[in-house]
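K.L.:
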Amino acid sequence: TRSEAVLPLMIANMVFGVLDVQSEFLGTFTPEAFLILTTMADQIAIAVQNARLHAAEKERAAELERAYRELKTNQENLLMTEKMALLGRLTAGIAHEMNTPLAAVRAALAELDKLTLEYEISLGDPTVTLDDYREITREIRQALELARKAAELSAAFVRSIKSQTRDLAPQERVQFAVAPV
99 TRSEAVLPLM IANMVFGVLD VQSEFLGTFT PEAFLILTTM ADQIAIAVQN ARLHAAEKER
159 AAELERAYRE LKTNQENLLM TEKMALLGRL TAGIAHEMNT PLAAVRAALA ELDKLTLEYE
219 ISLGDPTVTL DDYREITREI RQALELARKA AELSAAFVRS IKSQTRDLAP QERVQFAVAP
279 V
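Residue numbers (this note's numbering): 99 to 279.
1. Closest to F132 by CA distance: which of P106, E161 and V113 is it?
2. Thinking C-beta only, is E237 closer than 8 Å to L213?
3. Per DSSP, what are the beta-bridge partners of I109 in this structure?
4. So, does the segment 103-121 touch the segment 134-150, judging by three or more C-beta pairs under 8 Å?
5. Among F114, E102, L117 and M138, which has the Cα closest to the Cα of F127?
6. Are the beta-carbon atoms belonging to A254 and A206 less than 8 Å from one another?
7. Determine whether the beta carbon atoms of R150 and L124 lie at a separation below 8 Å.
8. Looking only at its own chain, which residues have a Cβ that is under 6 Å from the Cβ of A248, when we skip the five neighbours before and after it?
9. Rounded to whole angstroms, what is the Cα-Cα separation between P164 and A154?
Right, dumping it as structure tokens:
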């Protein structure tokens, strides 16, 4: 090396590298050549800075894409969790609405079983009067009425659920002008 030019690679008054040009000949770097090398150094600095910015921009875009995918996944999970919670509340409400009348039906059936057994045992017993049989019959009717009312409550609840799930839209198509509507 007989001649050498070393030029800083700068962006915003900050040196981040150098351009080192060497020659085998003395006096190679004239003021005109030095001006060309200075312009080249400036262009190289801009190209390097642009490449760095582009790489940073691509990395930021990739980070944003990852964050967006994660957000979408979290939103889907949250929506599914909310749906499951709603389904759980709905199921608990249905279970409660069905369990109460069913418990009344079961209690009425247990009472009917007890009264039927009492009636069977009393048949042929000379100490049991006609009023006793009437009392047993009255209690049987009360238990049957309780069971009937509870069963009707259950049936009404099921009908109300069915009415909410049916397609109530009219089956007939009607033509109309869109603009006035």
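Glycine included, each C-beta is placed from N, C-alpha and C at the ideal position.
P.N.:
Quick answer:
1. Taking the sequence shown and counting its residues from 1, one reaches residue 132 at position 34. When each option's Cα is compared against that of F132, the closest is P106.
2. The residue labelled residue 213 in the question sits at position 115 within the sequence shown. The residue labelled residue 237 in the question sits at position 139 within the sequence shown. Yes, these two residues count as a Cβ contact at 8 Å.
3. Within the sequence shown, numbered from 1, the residue matching residue 109 stands at position 11. The beta-bridge partner set that DSSP reports for I109 consists of M112.
4. Yes: the two stretches touch, three or more of their Cβ pairs being nearer than 8 Å.
5. In the sequence shown, residue 127 corresponds to position 29, counting from 1. Comparing Cα positions, the closest option is E102.
6. Start at 1 with the first residue of the sequence shown, and residue 254 comes out as number 156. Start at 1 with the first residue of the sequence shown, and residue 206 comes out as number 108. Inclusion of A254 and A206 in the CB contact set at 8 Å is not warranted, their separation being larger than that value.
7. Taking the first residue of the sequence shown as 1, we reach residue 150 at position 52. Taking the first residue of the sequence shown as 1, we reach residue 124 at position 26. Annotated as distal: R150 and L124, with beta-carbon spacing of 8 Å or more.
8. What you label residue 248 is simply residue 150 of the sequence shown in a count that begins at 1. Within the same chain, Cβ atoms closer than 6 Å to the Cβ of A248 are found at P199, A202 and V203, the five residues on either side in sequence being excluded.
9. Mapped onto the sequence shown, residue 164 falls at position 66. Mapped onto the sequence shown, residue 154 falls at position 56. Note on identity: in this sequence residue 164 is Arg, with Pro being the wrong assignment. Using only the alpha carbons, I get a separation of about 15 Å.
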